[in-house]
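From first to last, the protein sequence lines are chains A, B and C. Take the first sequence: its letters are residues 1 to 341, numbered as in the UniProt record's numbering. Take the second sequence: its letters are residues 1 to 526, numbered as in the UniProt record's numbering. Take the third sequence: its letters are residues 1 to 378, numbered as in the UniProt record's numbering. For glycine and all other residues, C-beta sits at the position ideal for the given N, C-alpha and C. Encoded as structure tokens, the structure appears first; notes follow it.
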Amino acid sequence: MTATLPAPTLAAAGARRPRVPTSLLPVVATFVLFVVLFAVGSARYENFGSAQVFVNLFVDNAFLIVLAVGMTFVILTGGIDLSVGAVVALSTMVAAKTLQAGLPAALVFVLVLVIGATLGLMNGLIIHHFGVQPFIATLATMFLARGLCFVISVQSVSIEDPTFRAIATGSITLPGDVYLTYSVLVALLVVVVAALVLHKTRFGRTVYAVGGSESSALLMGLAVGRVKVGVYVISGLCSAVAGLLFSFYMLSGYGLHAVGMELDAIAAVVIGGTLLAGGVGYVAGSLLGVLVLGVIQTLISFQGTLSSWWTKIFIGTLLLVFIVVQRAISGRRPASRSTGA
Amino acid sequence: MTSANPSSTPAGPAAEPAVEPVVEMHGIHMDFPGVKALDDVSLRLFPGEVHAVMGENGAGKSTLIKVLTGVYRATAGTTTFDGRAVRFAGPGAAQDAGISTVYQEVNLAPNLSVAENILLGREPRRLGTIDGRAMRAAARVHLDRIGLRLDPASTLGEHPIAVQQLVAIARAVAVDAKVLILDEPTSSLDAEEVAELFRIMRVLRDDGVAILFVSHFLEQVYEISDRMTVLRNGRLVGEHRTAELSRLDLLSAMLGRELTTLEEVGRLAEQAAEQAGGTPVLEARGLGRRGALAPFDLKVAAGEVVGLAGLLGSGRTELVRLLFGADRPDSGTLLVNGRPVSLRSPRAPIAAGVAFCSEDRKGEGILADLSIRDNLVLAVQARRGWARPVPRRTKDELVERYMRMLDIRPNDPDALVGNLSGGNQQKVMLARWLATDPSVLILDEPTRGIDVGAKAQIQKVVAELARDGMAVVYISAELEEVTRLSNRVVVLKDRVKIAELTEPSVDDIMHLIAQHDPEPRLEAAS
Amino acid sequence: MTSPDLPAPVERPAGASLGARVRGSRLVWPALALLLLLVGNTIASPSFLGVRLQDGHLYGSLVDILKNGAPIALIALGMTLVIATRGIDLSVGAVVAIAAAVTCTWIAGSPDPTSASAALTGMAVAIALCLVLGLWNGLLVSVLGIQPIIATLVLMTAGRGIAMLITDGQIITVNNESFSFVGSGFLLFPVAILLALVVFVVVALLSRRTALGLLVESVGINPEASRLAGLRSRTIIWTVYVFSAFCAGLAGLMISANVNAADANNAGLFIEMDAILAVVIGGTSLAGGRYSLVGTLLGALTIQTLTTTVYTVGIAPEVTLVFKAVVVIAVFLLQSARVRAAFARLGRRGGPTRPVPRTAPARPVAARPRPAERVSPS
């Protein structure tokens with residue numbers, strides 16, 4: 001296989017590449033946004049600019065971070081998972097009820113994770129094998145999971161298990177009297193593992209390829225089916241983990257926990273720079289997205305006079321801005337798609 | 001090569017290369033419901049050659065490739081690869097065996113890096129995780145092999161389409177492909193990029209790779225290919241050495257001669273010609289669109305049929321889409337009845353009396369889930385807006401008039417158009433526009449893929465319309481059809497309007513296409 | 001229905017073609033489901049079908065189902081048109097909450113909170129605001145070209161916040177007879193039913209007597225062909241989102257008038273899901289195109305009957321969600337098989353975005369090259 005190589009003539013084309021990949025720009029923008037919001041808070045309110053307030057962003061949103069990570073996988077393939085909030089609720093309910101029945105905490109963890117993964121698997125199989133739109137399949141699962149909560153119990157069930165409570169209320173004190181919960185560690189671990197899976201495994205790269213162009217991925221001979229089902233399993237698993245973290249946070253199981261949390265997760269992912277069309281995005285971005293949502297919430301609570309519903313309006317507005325910017329950036333791609341080529 | 005049976009190729013065998021073919025397809029039949037896509041077609045592919053498959057639309061080129069790569073299972077016939085009989089389960093299996101395909105549209109992930117695109121699915125791994133450095137190094141080797149200097153870490157989508165195409169080739173040959181199929185890889189490339197592609201093709205050919213090349217650009221085929229197989233209407237016309245086949249012979253082999261003559265059509269066309277010659281109804285001045293068609297001028301008078309001739313991909317479809325505002329031109333103006341018309345969308349041209357039937361009946365024409373009646377009145381209704389429905393009586397009149405005039409079957413206005421035959425769907429399209437009483441009718445391949453009876457009917461209707469004063473722009477891949485109907489013929493080649501002839505013969509047009517050398521492409525490539 | 005050909009565009013003289021018959025049968029499923037539920041209920045409690053007249057008002061389980069189902073049916077009507085253009089409107093629940101919030105706040109804040117004029121102006125303001133919200137959704141979808149599910153997600157998220165903002169986070173209760181009339185009044189039938197019926201008839205008439213039905217379906221079936229035929233797809237898409245918001249606003253009035261209160265948190269919660277479900281059960285494909293208003297109505301009634309059934313059987317009402325989930329999954333598995341059959345039948349090479357045949361390149365069925373050659377099966 002030796003060939004004489006004539007001088008390449010198209011080398012110049014390669015030189016056009018900008019330094020920072022364009023796909024990272026939204027993440028940078030979100031980071032800047034976060035820093036600005038945090039700085040504004042620190043400037044305006046006493047006690048805002050403390051390490052504890054910063055850490056609390058993680059403490060109060062650990063479950064959302066995990067949820068957003070799972071959602072990132074799904075959205076990267078161009079799908080969506082509306083069932084995550086309901087699966088969180090179901091997880092809290094299963095945990096509370098089984099703990100009440102006297103099951104050991106470790107077994108409860110496993111049980112919840114298995115249920116979450118199974119629901120995710122169901123989503124994936126329906127979507128992939130029956131060609132049902134992700135939106136509608138996960139909607140059904142959302143109904144199912146919420147309904148199952150109420151089958152278990154219509155009332156809220158509080159968690160009394162000592163092991164569980166110990167984990168939930170236990171905290172680690174960092175230098176400077178800053179404390180954080182174990183949930184934060186779990187959430188950060190999930191972020192790191194997810195980043196590794198996405199960037200360092202064949203599965204992860206195929207997730208991006210499928211999101212870039214599913215038909216191309218098929219023609220490239222990639223395991224499209226496995227990946228499409230896999231991301232929903234991951235999302236289900238993440239929802240279960242988030243559900244456990246949420247039960248740590250609330251110390252109860254209830255069918256109306258986490259109503260609308262899927263929207264927060266989607267918003268965090270989008271604000272974190274992941275393209276809804278799929279193929280572009282980072283879990284680090286989603287983490288930043290959650291932090292932005294958290295800092296908005298904190299700002300509003302510090303402000304005092306602004307009611308909490310402003311959070312929803314701000315998030316909605318932010319979502320809009322990011323979507324419109326996304327649309328402007330990738331404006332040409334959807335256009336060429338719609339003509340079908 | 002005594003085992004092969006070249007006598008089955010009517011136009012005579014090409015001289016036998018001294019090696020065994022790496023791919024040999026013999027007696028391939030491919031039937032789809034109601035269609036014989038391939039009828040006893042054979043193909044031989046030798047190591048170290050560039051082999052062009054030539055043919056017009058519907059000739060069976062892509063079907064043949066799909067049979068080879070296992071997308072379709074041939075109804076009959078044998079395929080041998082490397083001396084063994086094979087029947088691949090799909091493109092994946094074919095690729096594993098050493099037959100790689102690069103498609104017209106780049107089928108890669110634009111959001112991933114060049115290195116990943118080359119190695120996706122077989123990345124080097126260390127401790128279960130992808131070894132980024134090793135991957136980039138491996139990608140560099142593959143890029144070097146075809147002499148492409150690119151940063152493997154750069155994102156694919158940031159490179160021009162041409163470079164992406166070359167990366168697709170790098171991926172295709174990274175598996176030590178013995179056969180590389182290039183399905184119209186040049187359709188979106190400029191001259192310099194084509195030259196680069198050809199350089200790489202030669203490198204691979206000299207490496208012993210057999211390259212199957214499909215292109216609509218005649219000059220490119222003559223520049224790069226060693227041998228060619230010509231198909232027409234699903235049949236093998238011949239296998240030739242490129243050097244031994246003149247362009248004119250190739251054209252007549254590809255286009256064939258239609259034996260049925262429609263005398264009446266000819267007579268009607270003459271009558272129409274006598275009336276033509278007034279002020280132009282439609283006039284394009286310097287209309288063009290980058291990457292689609294070089295700026296052109298065109299005038300069409302009332303009662304005149306202007307035919308567009310050229311091979312597939314020559315720009316004939318692009319031209320009419322610009323006239324209708326289906327694609328937005330980036331230069332030039334369009335005048336209808338002397339008044340300039342905005343081409344931002346088809347609405348202004350429609351309002352000015354321009355009608356257009358797209359060549360893509362399914363994708364851009366019919367509404368399959370609606371009835372004949374609804375399809376027929378759609379354009380009229382669109383013009384009136386939703387609040388003013390076409391009155392039931394008018395609707396019935398229109399439907400009856402045009403269903404009778406065009407002999408649309410079944411004779412049931414409530415039948416769903418999706419269930420109609422191609423010919424009848426085309427007639428419904430035609431009726432939709434005639435119902436708007438247009439002054440200019442643009443027809444892009446109205447007779448493609450429909451039965452002979454409907455073909456003749458549609459041509460007759462066109463001739464009659466022209467006689468009654470309609471200005472018509474007519475595209476057909478069949479030159480006989482174009483010359484028979486048209487008063488003037490505009491000839492296109494390689495996305496440039498190269499000539500305008502008055503009542504030319506088929507030979508005139510073929511000579512023109514065969515001889516004309518569009519300057520930049522050849523010079524840049526050699 | 002006032003004329004024999006009024007039923008939504010789906011029904012065609014049977015026997016015309018295979019496709020027409022399959023489509024006709026779409027109505028069979030929701031009708032059958034509804035019938036089964038009704039029969040089941042009657043067996044469980046024989047008084048179920050009983051309707052009695054009292055003080056010139058009709059009472060009975062059936063009337064309750066109709067009355068409680070009216071808001072869902074209304075919203076589902078709007079949703080049907082949106083879905084027919086290949087869209088979706090997730091914001092209807094939030095719009096319900098906003099309409100409720102605006103009206104109640106307006107009435108409560110007016111000089112005479114019990115006057116009819118306060119109720120009328122309040123409702124007018126609410127509906128006007130809803131139209132603006134519909135314009136907003138339409139702008140995002142048709143002009144900015146944002147995917148419908150995402151575009152309406154924005155309002156879904158922010159909308160409840162806006163409703164809370166209007167009510168200042170409180171549950172606003174009002175005591176205004178004219179307003180209550182919309183939710184719980186009677187004109188022999190409950191007014192809510194009559195309102196929903198009026199909207200239904202108007203939409204059905206618009207579908208059949210104007211060209212709206214044809215144009216909406218054209219845009220949904222084949223946007224590119226519609227563009228080349230000269231349709232103003234943009235305007236049409238815009239219109240259906242405005243109409244959807246209008247329906248949601250009206251439903252919001254009914255819902256809040258029924259309880260004489262605006263609860264920004266819970267008014268219309270999950271109603272978008274019910275509406276989508278009703279549309280889908282009614283046989284309108286999420287892939288756009290042909291729609292059936294009658295089917296949607298049947299779908300909405302089926303859902304409401306299901307809810308009522310669960311309630312009368314004595315299961316916790318929240319558990320209805322499980323049944324709904326089962327129904328959604330069943331419907332979609334049914335539909336997806338049908339989608340495949342349709343693919344095989346029409347030989348479409350896969351719609352541009354929607355249900356992509358799973359293994360497009362490998363299956364000749366999905367990639368048949370010249371479907372045009374087939375002859376009609378007459």
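How about residue i and residue j: are their beta carbons less than 9 Å apart?
i	j	result
C/A275	C/V92	yes
C/L77	C/A245	no
B/P91	A/G221	yes
A/M250	A/L64	no
B/I211	B/L189	no
C/L228	B/A326	yes
B/D144	B/V114	no
B/L236	B/P280	no
C/R232	C/P148	no
B/E364	B/S358	yes
Using a cut-off of 8 Å between C-beta atoms, extract the partners of residue i located in chain C.
i	result
B/R383	G230
Does the beta carbon of residue i come closer than 9 Å to any beta carbon on chain C?
i	result
A/Q133	yes
B/S345	yes
A/S301	no
Quick one: is residue i buried, meaning 16 or more other Cβ sit within 10 Å of its Cβ, or exposed?
i	result
C/V28	exposed
A/I172	exposed
C/S218	buried
B/P110	buried
A/G70	buried
A/Q155	exposed
B/N107	buried
B/Q457	buried
A/T77	buried
C/P46	exposed
For residue i, go through chain B and note every residue whose CB falls closer than 8 Å to its CB, in chain order.
i	result
C/I221	L367, A368, D369, L370
Starting from the beta carbon of residue i, find every residue of chain B whose beta carbon is closer than 7 Å, and list them in chain order.
i	result
residue 387 of chain C	Outside the modelled stretch of chain C, which goes from 1 to 378, sits residue 387 of chain C, for which no answer is possible.
C/A225	E364, G365, I366, L367
Between the options, which lies nearest to residue i when the distance is taken from Cα to Cα?
i	options	result
B/A471	B/L334, B/L416, B/V306	B/V306
B/A379	B/A85, B/G315, B/P346	B/P346
B/P446	B/P438, B/D437, B/K460, B/A435	B/K460
residue 380 of chain C	C/D263, C/G109, C/V331, C/L188	Outside the modelled stretch of chain C, which goes from 1 to 378, sits residue 380 of chain C, for which no answer is possible.
C/L321	A/A43, A/C149, A/F73	A/C149
B/T186	B/L180, B/A195, B/V179	B/A195
A/A62	A/F314, A/L288, A/I323	A/L288
A/N56	A/R327, A/L318, A/Q297	A/Q297
B/T483	B/G27, B/A85, B/V22, B/G310	B/G310
Identify the contact partners of residue i in chain C, using a Cβ-Cβ distance below 9 Å as the criterion.
i	result
A/I315	T157, A158, G161
So with Cβ pairs under 9 Å, would you call residue i a contact of chain B?
i	result
A/T206	yes
A/V270	no
So residue i contacts chain A; which residues on that side make the cut at Cβ distance below 8 Å?
i	result
C/L165	S307, W309, W310, I313
Who are the neighbours of residue i on chain A, taking C-beta pairs under 9 Å?
i	result
C/E318	R146, G147, C149, F150, V151, V154, G255, L256
Could you list which residues in chain C have their beta carbon closer than 7 Å to that of residue i, in chain order?
i	result
A/A267	T157
Counting only beta-carbon atoms, is residue i nearer than 9 Å to chain A?
i	result
C/L269	yes
B/R171	yes
Residues of chain B with a CB under 9 Å from the CB of residue i: which are they?
i	result
C/E217	L367, D369, L370, D374
Name the chain F residues whose beta carbon is nearer than 7 Å to that of residue i?
i	result
C/R290	The structure shown contains no chain F; its protein chains are A, B and C.
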